[in-house]
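Step one of this worksheet: look at the structure below.
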Amino acid sequence: MTTENKSIVQRALAGLIETGDVDALAQFLSDDFVHHRPGSTRSTKGEWLGAVRAALVPLVGMQVEIHQVLADGDHVVVYSRRWLPDAGPEIAVVDIWRIDDGLIAEGWEIIEPVAQVAANLVWWESAQR
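Everything in the sequence shown is counted per this note's numbering, starting at 8 for the first residue and increasing by one.
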């Protein structure tokens with residue numbers, strides 16, 4: 008099951024990253040798919056696919072390097088680094104996908120600009136004292 012779930016996510020992302028084809032991604036999402044971002048931001052399948060489609064226009068030329076794809080049960084975690092076009096910032100992204108009945112049912116996404124990593128660790132330094 009874990010290997011199958013990892014394969015589902017890898018195929019879904021490969022189609023999107025390699026071709027920019029949002030419809031190729033859509034076929035891997037369940038009808039009741041929910042996408043979560045930090046805080047209380049949630050999107051339905053249609054809302055999220057629309058946001059992805061809109062984001063791809065200014066992001067043409069974005070480079071994506073997937074560093075880790077880890078799977079455990081019905082969850083798959085993907086850690087990637089992305090370089091935005093036109094000398095835009097490098098970002099680190101963690102996506103968590105939940106698979107149900109062979110389709111991606113939920114997704115969580117955390118995005119952090121790499122240039123802000125040091126500033127975001129200030130809380131950790133104070134906790135170590």
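We put the CB at the ideal spot given by N, CA and C, even for glycine.
Taking DSSP as the reference, what is the three-state secondary structure of residue i?
{"i": "Asp-79", "result": "strand"}
{"i": "Ala-94", "result": "coil"}
{"i": "Asp-38", "result": "strand"}
{"i": "Gly-46", "result": "coil"}
{"i": "Val-64", "result": "coil"}
From residue i to residue j, what does the alpha carbon distance come to, in whole angstroms?
{"i": "Ala-99", "j": "Ser-37", "result": "26 Å"}
{"i": "Leu-23", "j": "Asp-102", "result": "14 Å"}
{"i": "Glu-72", "j": "Ala-112", "result": "24 Å"}
{"i": "Glu-25", "j": "Arg-18", "result": "10 Å"}
{"i": "Asp-81", "j": "Ala-21", "result": "20 Å"}
{"i": "Val-121", "j": "Val-129", "result": "15 Å"}
Out of the options, point me to the one whose CA is closest to residue i's CA.
{"i": "Thr-9", "options": "Glu-116, Arg-105 and Val-124", "result": "Arg-105"}
{"i": "His-74", "options": "Ser-87, Arg-49 and Ala-21", "result": "Ser-87"}
{"i": "Gly-95", "options": "Leu-110, Glu-113, Met-69 and His-82", "result": "Met-69"}
{"i": "Leu-63", "options": "Thr-51, Arg-44, Leu-32 and Asp-81", "result": "Leu-32"}
{"i": "Thr-51", "options": "Glu-119, Phe-40, Asp-108 and Ala-61", "result": "Phe-40"}
{"i": "Val-16", "options": "Val-76, Glu-119, Val-121 and Arg-89", "result": "Val-76"}
{"i": "Arg-44", "options": "Ile-118, Val-129 and Leu-20", "result": "Ile-118"}
{"i": "Glu-54", "options": "Gly-46, Asp-108 and Val-29", "result": "Val-29"}
{"i": "Gln-123", "options": "Lys-13, Ala-78, Asp-108 and Glu-97", "result": "Glu-97"}
Start and end of the beta strand (DSSP E) containing residue i?
{"i": "Arg-18", "result": "Careful: Arg-18 lies outside any beta strand (DSSP E), inside the alpha helix (DSSP H) at 9–26."}
{"i": "Gly-114", "result": "110–120"}
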